[in-house]
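Numbers in my numbering are just positions in the sequence shown, counted from 1, shifted up by 1018.
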Amino acid sequence: MADEATTTPLLASYKAKPAKAPSIDDAIETYIGATGAGQLFKAILLAFAWAFDAQQVFISVFTDAEPRWHCTGVAGADDPSCSPAAASPCALPPGAWAWDRPAETSVVSEWALKCAGPALVSFPASSFFAGCLAGGFLLTTLADSLLGRRKMLLVSLASMSVAGVLTAFSPNVWAYAALRFVCGFGRSMVGTCALVLSTELVGKRWRDTVSVAGFVCFTVGFLSLPALAYTFREASWRHMYLWTSLPSLCYAVLLYFLVQESPRWLLVRGRKHDAIETVRQIAALNGGGGITCSFSMLHACATERENDAAAGAGGGGGGVFATLRSMWERRWALRRLAAIMTASFGVGMVYYGMPLNVGNLGSNLYLSVTYNALAEFPSSVLSWLLMGRINRRSSVVALTAAAGVCSLACVAIPEGTGGRMAAEVLSFFATCTAFNIILMYSIELFPTSVRNSAVGMVRQALVLGGVAAPMLVALGRERSFWSFGVFGLAVGCLGLFAACLPETRGRSMSDTMEEEEHKEAAAAISDMDSNADLV
């Protein structure tokens, strides 16, 4: 009797513990098996959206470039002020000077913006980044709520491409700037959705690789621009928009038929049957053996998410802005978002500003842009190496500091020298690497239920830095401190905010806010125990 009395409470206590449902990560990986070549190809095909994203971001480096001019010697030949050394032709009489190339090669020469001031010259580029900013804030939650990753990506690609085609038929600078705003509005979610969807369609082992594939595709798109611009150097700038926008539209149609929705998002949204069907398709593509099973683990995951939603736990229901409200109501999420967005603002200013600023280096525009684009290839490789071996937080702080030092060095080095170009390329290289790591870092900092919204907000902070860049570049034509100097101070100082973030390297990704809170609490307890042991 005594033995029975002592054992009963233990059995009762054991039975009282509910079985913990498997995580979505574990459940999906169990059924899809190892990521096969077919699924990896689809993920990389998704990542290629970054190439078209890059083309629209940096196309204005060539279409809005300030062309070179020369004295004609026809009118005002007796005026000694007309010389190649003159700072600007604006004070010269009509006919005393002419553009080196046909006027239609740039919007600046076609619409006579040379003497209109830096505000109007930079207006179209700033309009594009303002559109990116507006689209990011208004559309970012749709990929987590109503539309999902796949539909949001397709809508963004289609709207960006159509706006790009229409831009080629702009009659004046005002229509051009308005269409650039629309293009930026549509483009705002392309990179975010492509990155999140591609990483959610593959297993843990391939996530870093697929992320880097997106960054490499961005480099390919960037690198294609100087080649296109050189090909059309004597033709209208309108050709650039047609040759970048029409292939993007065809690519969107291809994705519509080939790519599935994220099973993670489907489960978080309570669409259990759609999630199971998507996992079944992925498993079949991978040649896995989970095609005929009962998917009991996915059923358990879906049931737990439904229970969380019914209890108001924020699993994925609510309105369009429920994800932003969910982050706003939690101090830890708001703190993370504020810190990484602040660091991203400085990175974005340099990342988008440096390519626009290459004209102030005093060297060949095509070669300068090519060098900047080529710097993204080793930065992608370095990003992959750093993500696998070194903490994210330390990497971001070190890279932003290096970018700031090199950018400030450009102020001191004389214009037109190889040293100045080397310092600019090194600054851009460090910024590219920080850019890549920040995007992957933001994916790991936030759970599935708010991930697309969080990454979208981080990208908007990057773009917000880009909004300020064109005006600084225009001012930097007179004094380099306003471009290189401000860039260096911004990226170096604001990058320090990354030190406030928790480290995520080696951690599994959470699916809900509650799961992330439990992990953070467990990590805090573990740190306290470690400190107690040291004492």
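Even for Gly, the Cβ is constructed at its ideal location relative to N, Cα and C.
Query, Result
"For CYS1108, three-class secondary structure by DSSP", "coil"
"Length of the line joining the Cα atoms of THR1388 and PHE1076", "12 angstroms"
"Residues near LEU1276 by beta carbon distance below 7 angstroms, same chain, minus five either side", "LYS1060, LEU1063"
"C-alpha gap between ARG1256 and SER1445, whole angstroms", "31 angstroms"
"Pairwise C-alpha distance: VAL1504 and LEU1151", "21 angstroms"
"Assigned secondary structure, ALA1083 (DSSP; H/G/I helix, E/B strand, else coil)", "coil"
"Check whether MET1531 and SER1280 have beta carbons under 7 angstroms apart", "no"
"Whole alpha helix (DSSP H) elements within the region 1397 to 1441, 4-residue minimum", "1410 to 1430"
"Inter-residue spacing [alpha-carbon to alpha-carbon] between THR1123 and GLY1366", "28 angstroms"
"Contact belief for PHE1363 with LEU1482 at Cβ below 8 angstroms, rounded distance in angstroms", "6 angstroms"
"Collapsed DSSP secondary structure at ALA1607 in the structure displayed", "As shown, the chain starts at 1019 and ends at 1553. That puts residue 1607 outside it, with no answer to give."
"Contact the region 1392 to 1405 vs the region 1533 to 1540: 3+ CB pairs below 8 angstroms", "no"
"Inter-residue Cα distance where the pair is VAL1414 and GLY1510", "10 angstroms"
"PRO1432 classed as buried or exposed, judged by whether at least 16 other C-beta atoms fall within 10 angstroms", "exposed"
"CB-CB length for ARG1251 against ARG1119, believed under 8 angstroms", "7 angstroms"
"GLY1056 versus TRP1068: straight-line alpha-carbon distance, rounded", "20 angstroms"
"Continuous alpha helix (DSSP H) stretch holding ALA1557: start and end", "The requested residue 1557 is not part of the displayed model; the chain covers only 1019 to 1553."
"Under 7 angstroms between C-beta atoms of THR1296 and ASP1162", "no"
"Minimum C-alpha distance to CYS1201 - residue among LEU1175, THR1449, VAL1214", "LEU1175"
"Assigned secondary structure, TRP1350 (DSSP; H/G/I helix, E/B strand, else coil)", "helix"
"According to DSSP, residues forming a beta bridge with TRP1115", "CYS1089"
"DSSP three-state assignment for VAL1443, whether helix, strand or coil", "helix"
"Nearest residue (CA-CA) to GLN1074, options THR1237, ALA1420, SER1501", "THR1237"
"Distance, PHE1141 Cα to GLY1232 Cα", "29 angstroms"
"Buried/exposed call for VAL1126, threshold 16 Cβ in 10 Å", "buried"
"Cβ shell of SER1559 (< 6 angstroms), same chain only, five flanking positions each side left out", "In the structure as shown, the chain begins at 1019 and stops at 1553. Residue 1559 is therefore absent and cannot be evaluated."
"Three-state class that DSSP yields for ALA1095 in the structure shown", "Low confidence applies here, because ALA1095 scores a pLDDT of 46, under 50, leaving its location unreliable and the question unanswered by this model."
"Contact check, TRP1268 vs ALA1065, beta carbons under 7 angstroms", "In the sequence on display, residue 1268 carries Cys and not Trp. No; because the gap between Cβ atoms is not below 7 angstroms, this pair is not in contact."
"Three-state class that DSSP yields for MET1458 in the structure shown", "helix"
"Extent of the continuous alpha helix (DSSP H) run through SER1498", "That residue, SER1498, is in no alpha helix (DSSP H); it is neither H nor E in DSSP."
"Integer-rounded CB distance, given that VAL1214 should sit under 8 angstroms from ASN1470", "5 angstroms"
"Local Cβ density within 10 Å of TRP1115, reported as buried at 16 or more and exposed below that", "buried"
"Selection from ALA1186, ALA1516, CYS1133 that minimises the alpha carbon distance to ASP1360", "The sequence as given places Thr at residue 1360; Asp does not occur at that position. When each option's Cα is compared against that of THR1360, the closest is ALA1516."
"Start and end residues, alpha helix (DSSP H) containing PRO1465", "Premise fails: PRO1465 is in no alpha helix (DSSP H) and is neither H nor E."
"Beta-carbon proximity list for LEU1107, same chain, < 6 angstroms, skipping 5 on both sides", "The residue asked about is misnamed: residue 1107 is Pro in this sequence, not Leu. Only TRP1087, TRP1115 meet the Cβ criterion."
"Cβ-based burial, PRO1396 [other Cβ within 10 Å; buried from 16]", "exposed"
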